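In the working numbering, the protein residues as written are 16 to 311. Structure first, then comments.
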Amino acid sequence: MSYYITTDATCDFPQQLIGFENFEIIPMSYTIGDTEYGFDKKLTNQEFYDLVRNGAMPTTSLITTYTASEFFRPILQAGNDILHICFSSGLSSTYQNVLIAVEELKKEFPERKIYMLDSKCASSGEGLLVYYALKARDNGMSIEDNYNETLDRKDHICHYFTPNDLYHLMRGGRVSKTAAIAGTILQIKPILYANVDGKLSSIDKVKGRKKALVELVHYMQSKMIAEENEIVFISHADCLEEAEFVKEKIIEKTGITNIVIEYIGPVIGSHTGQGTVALFFIGKDKIEPTDALLKK
């Protein structure tokens, strides 16, 4: 444990696994109305989603260069090296801000090693990448080897998710009003994934919530590398029963039983709205599945 592993609050790291030593998460802020949360003032996940369910439209802020510097400096001053795994640059400019801080700190602490990695991941996909890096470190892997292994693994962390609240996505400017109204009336549910650039793309639209949840597992079956999935993460935006349904389907279809369910935290939840279910696992690649793959 000669070095710290750090990440940011977008990782939605499972609380039941939070006991790793030398592991820190940079907090991030979000604003509801005139109130900023995430640092001194916080909401529980339940409180946050209750507000969203009642029409609140939270906004989020980037990690600033100053915040990152103030976060890393005490760790470095204590004589520790750092491997930082950052939120996808395809979804946020946080990566660029933190990178500036890291480059400045390398000059301030030339004797320390600071490795920074663009995860190209989000939510518990980022958390899953962090989990494997923590396990590797605690099993004795050097910071250099861990950085290289994590760099390779990021291209195999698959993200598949389905949002439920199309009106929230509409208010946030992510779908049109027409699409939100039509989708809600017809019960059309989009299925999305994170691509190799760490950006979100739509794969399909299916009719009915339960079918959309089943399709998440279908995509997992088409992509997963069974022997490498020591653990699978599911995250949810205050819809535990549906996350449990996906878990049961994974066990039924794949035999994998080590499945951890966690809330989508307020930072990511500010963009997804209530009702999103997301699935994260190790797959062959992050390229969009083809019809041929899905028919196998």
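We treat Cβ as the ideally placed atom computed from N, Cα and C, and that holds for glycine. Quick caveat, the model's predicted, so the values are computed rather than measured.
Practice problem: Since I believe Asp96 is in contact with Ile158 (beta carbons under 8 Å), could you give me their beta-carbon distance rounded to a whole number of angstroms? | Solution: 6 Å
Quiz prompt | Bridge partner(s) assigned by DSSP for Phe63 | solution = The partner list for Phe63 (beta bridge, DSSP) is empty, contrary to what the question assumes.
Exercise. Within the same chain, show all residues whose beta-carbon is closer than 6 Å to that of Ala307, passing over the 5 residues directly before and after it, in chain order.
Key: Interpretation of Ala307 is limited by its pLDDT of 35, a score under 50 that renders its predicted location unreliable; no figure is taken from the coordinates.
Quiz item: Out of curiosity, what's the CA-to-CA distance linking Gln92 and Cys101?
Solution: 21 Å
Exercise. For Gln202, collect the residues of the same chain with a Cβ closer than 8 Å to its Cβ; drop the 5 residues on either side in sequence, then sort them by chain order.
Key: Lys222, Gly223 and Arg224
Practice problem: Report the three-state DSSP secondary structure of Leu77 (helix, strand or coil). | Solution: coil
Quiz item: According to DSSP, is Pro304 helix, strand or coil?
Solution: coil
Exercise. Could you have a look at Cys26 and say whether DSSP puts it in helix, strand or coil?
Key: helix
Quiz item: Is Gly48 helix, strand or coil when you go by DSSP?
Solution: coil
Quiz prompt | Alpha-carbon to alpha-carbon, Ser84 and Leu294 | solution = 32 Å
Quiz item: Could you give the distance in angstroms between the alpha-carbon of His171 and the alpha-carbon of Gly48?
Solution: 38 Å
Quiz item: Would you report the Cα separation of Glu62 and Phe54, rounded to the nearest angstrom?
Solution: 16 Å
Quiz item: Based on the DSSP secondary-structure assignment, which residues constitute the bridge partners of Ile172?
Solution: Ile297
Exercise. List the endpoints of the continuous alpha helix (DSSP H) containing Ala209.
Key: No alpha helix (DSSP H) contains Ala209, which is instead part of the beta strand (DSSP E) from Ile203 to Ala209.
Exercise. Please go through the same chain and pick out, in chain order, the residues whose beta-carbon is closer than 7 Å to the beta-carbon of Thr287, but skip the five residues on each side of it.
Key: Pro178, Ala252 and Ile279
Quiz item: In the DSSP assignment, what residue or residues form a beta bridge with Thr21?
Solution: Glu39 and His99
Quiz prompt | Neighbourhood of Tyr81 by C-beta, 6 Å cutoff - its chain only, sequence neighbours within 5 removed | solution = none
Quiz prompt | Chain-order list of residues whose beta-carbon lies under 6 Å from that of Pro29 (same chain, five-residue window excluded) | solution = Val275 and Glu277
Exercise. Give the DSSP bridge partners of His251, in chain order.
Key: Tyr278 and Val292
Quiz prompt | Rounded straight-line distance, which links the Cα of Cys136 to that of Val282 | solution = 14 Å
Quiz prompt | Three-state class that DSSP yields for Ser285 in the structure shown | solution = helix
Quiz item: Quick one, which of Ala209, Ser250 and Pro73 has its alpha-carbon nearest Gly105's?
Solution: Ala209
Exercise. Measure the C-alpha to C-alpha separation of Ala151 and Asp65 and round it to an integer number of angstroms.
Key: 38 Å
Quiz prompt | Start and end residues, alpha helix (DSSP H) containing Met185 | solution = Leu181 to Arg186
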